[in-house]
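With positions in the first sequence counted from 1, the corresponding number in this note's numbering is that position plus 3.
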Amino acid sequence: MAKEKKVEQITDMEVDFTQWYTDVCKKAELIDYSSIKGMFIYRPYGYAIWENIQAQLDAEFKKTGAENVYMPMLIPESLLQKEKDHVEGFAPECAWVTYGGSEKLEERYCIRPTSETLFCEHFRNVIQSHRDLPKMYNQWCSVLRWEKTSRPFLRHREFLWQEGHTMHATKEEAEQETELMLKVYADFCENVLAMPVTKGRKTEKEKFNGAEATYTIECMMHDRKALQAGTSHFFGDGFAKAFDITFASKDNKREHPFQTSWGVSTRLIGGIIMTHGDNNGLVLPPKVAPIQIVVVPIAQHKEGVLDKAYELAERLKQSGLRVKVDASEQSPGWKFAEYEMKGVPLRLEIGPKDIEKNQCVLARRDNGEKSFISLDALESCAAELLEQVHQGMYDRAKKNLTEHTYDAETMEEAKRLQQEHGGFIRTMWCGDQACEIKMKEEAGMTSRCIPFEQEKLSDKCAICGKEAKKMIYWGVAY
RNA sequence: CGGGGUGUGGCGAAGUUUGGUAUCGCGCUUGGUUCGGGACCAAGAGGCCACGGGUUCGAAUCCCGUCACUCCGACCA
């Protein structure tokens with residue numbers, strides 16, 4: 004069964020979670036290291052996951068009315084500096100271009116760490132009237148942040164992401180957009196990636212530089228640390244004022260539009276690995292798995308086996324699934340282990356005995372269950388099982404989240420719970436940043452979010468004892 | 001950026017203390033036998049020992065520097 008250790012190359016996660024993670028990234032052929040620290044090579048199998056994420060998210064964005072654009076990669080320093088909070092946040096981790104050919108540049112250019120400033124410069128040119136609003140743009144690109152430490156998918160110096168940037172005539176409309184996009188992300192995580200999320204608002208301390216409000220989806224990993232999987236920001240009209248973006252309203256008044264931005268990155272892949280993976284390797288959500296079903300022929304040299312394998316694969320492809328036949332000379336056992344390591348959701352075994360009985364074996368990656376199914380019902384059984392795999396993965400992750408979310412009434416209790424169990428700790432909070440800093444210093448936890456779904460745990464702030472305003476989630480974050 | 005660890009064929013390691021020109025397992029190639037949970041036999045190929053200096057008749061080994069990876073902090077999608 005799946006609980007047995009079948010892959011020797013991967014360190015057990017209970018032994019060393021970090022090593023397990025790195026082993027999975029490399030052994031499942033998702034990523035390779037390059038000669039530059041923090042810059043990683045997305046290998047075909049890893050990039051294919053991103054392509055599947057992209058395709059499905061992009062369709063959701065377009066349903067909301069967003070259009071794709073592409074902005075330059077370089078930002079002149081003067082442009083980056085127009086919004087004070089923003090530049091303070093990003094300047095420390097910018098990389099700069101200072102030469103063009105052999106000529107030193109008059110002004111240095113920052114390689115985009117994010118593109119708010121570029122979008123704003125452009126919005127200033129294309130927005131004149133309320134008829135030009137809303138503008139809802141998105142771009143798929145890479146950005147660069149000179150991080151001190153790096154880990155595959157979780158923290159790259161260059162990473163792939165999408166950044167949506169929108170402009171609206173009213174504050175209310177922009178706020179709705181911010182919330183809508185957070186919901187798009189949350190639904191995507193749950194329905195496509197099988198990752199349960201906690202939705203909420205970031206504190207002042209944790210919000211995006213230059214934003215008025217930041218909303219987040221927080222996921223819990225196997226090691227019970229938190230991963231911020233996506234963010235959506237409401238900017239108010241701060242950037243619009245800094246960049247002098249105005250439009251003529253219906254009654255011909257000059258007004259500043261209201262702005263949002265929202266993004267998810269290849270970090271989502273890190274989240275998938277750490278949410279669903281096990282000691283045999285990767286476990287991929289069926290909806291983004293590059294290979295959804297791998298067909299392993301048994302005794303493939305025997306008459307008719309390979310033909311049957313290809314025939315079944317073709318039928319599954321016709322029904323819209325991503326299928327691979329492995330007809331290589333490796334032994335069946337080797338193939339089983341290989342595709343388990345790579346997280347393929349379903350394995351189809353077909354051998355001479357099956358052909359006689361007009362059946363095949365379908366084995367689930369998430370729980371190891373095998374079932375014999377009639378070839379007459381292949382397509383429907385495969386689709387049904389893939390759905391069950393998704394649900395099984397979601398349920399398991401949800402259980403991990405629920406079981407490792409604890410309530411605390413005091414700082415000491417919060418600290419103890421985190422040390423003993425990890426996970427999310429819920430407390431009441433007065434809203435004071437001093438209490439947040441104290442929690443970080445004493446318990447090593449940062450605030451993850453102020454959840455939309457509030458519960459009143461008590462009247463008092465767990466840290467200072469003063470009157471509490473909100474319930475808040477704490478955790479150790481990636 | 002501070003503290004620790006590591007760097008030897010594609011991967012994992014031995015060799016470094018005590019200098020003498022590189023060893024083992026896996027993988028890879030070719031041929032054959034296998035095939036329902038990582039098969040076996042035989043014959044092969046593959047290494048400026050991370051990089052740059054230095055010491056020495058001679059350096060994987062000693063000295064200095066750099067880079068990368070990794071863990072623990074600080075910072076971050």
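The beta carbon of each residue, even a glycine, is placed where N, CA and C say it ideally should be. None of the values given here were measured: they were computed from a predicted structure.
With contacts defined as CB atoms closer than 8 angstroms, PHE20 and LYS202 fail to qualify as a contacting pair. In summary, PHE375 is exposed, with fewer than 16 beta-carbon neighbours lying within 10 Å of its beta-carbon over all protein chains present.
Scanning the segment 79-127 for uninterrupted alpha helix (DSSP H) segments of 4 residues or longer gives 80-83, 87-93, listed from N- to C-terminal end. Between the segment 320-329 and the segment 295-304 there are three or more inter-stretch CB-CB distances shorter than 8 angstroms, so the stretches are counted as touching.
Taking all protein chains in view, the Cβ of GLN12 is surrounded by fewer than 16 other Cβ atoms within 10 Å, so the residue is classified as exposed.
In this structure, LEU121 sits away from HIS171, with a CB-CB distance that is not shorter than 8 angstroms.
Looking at the DSSP output, LEU230 sits in a beta bridge with CYS222. The residue from PHE250, VAL291, MET396 with its alpha-carbon nearest to that of ARG127 is PHE250. Under DSSP, PRO454 forms a beta bridge with GLY203.
Between ALA417 and ILE428, the C-beta spacing is below 8 angstroms. For TYR36, the uninterrupted beta strand (DSSP E) segment begins and ends at 34-36.
Under the 10 Å beta carbon count, ARG257 is surrounded by fewer than 16 other beta carbons and is classified as exposed. Secondary structure of GLY167 (DSSP, three-state): strand. In the three-state reduction of the DSSP assignment, ASN194 falls in the helix class.
For the pair of segments examined, the segment 272-280 was found not to touch the segment 167-182: the number of CB pairs separated by less than 8 angstroms stays below three. A straight-line Cα-Cα distance of about 7 angstroms links MET396 and PRO288. When DSSP assignments are scanned along the segment 321-395, the uninterrupted stretches of beta strand (DSSP E) that are 3 or more residues long and fall wholly within it turn out to be 326-328, 349-353, 362-367, 373-377. Per the coordinates, the alpha-carbon of PHE242 lies some 24 angstroms from the alpha-carbon of ILE220. Residues PRO293 of the same chain have their beta carbon placed closer than 6 angstroms to that of ALA51, with the five preceding and five following residues left out of the count. DSSP places ARG429 within a strand segment (E or B) once states are collapsed to three.
When DSSP reads this structure, PHE250 sits in a beta bridge with GLU258. Between GLY273 and PHE156 the beta-carbon gap is near 3 angstroms, inside 8 angstroms, which marks them as a contact. In this structure, the alpha-carbon of ALA411 lies about 22 angstroms from that of PRO199.
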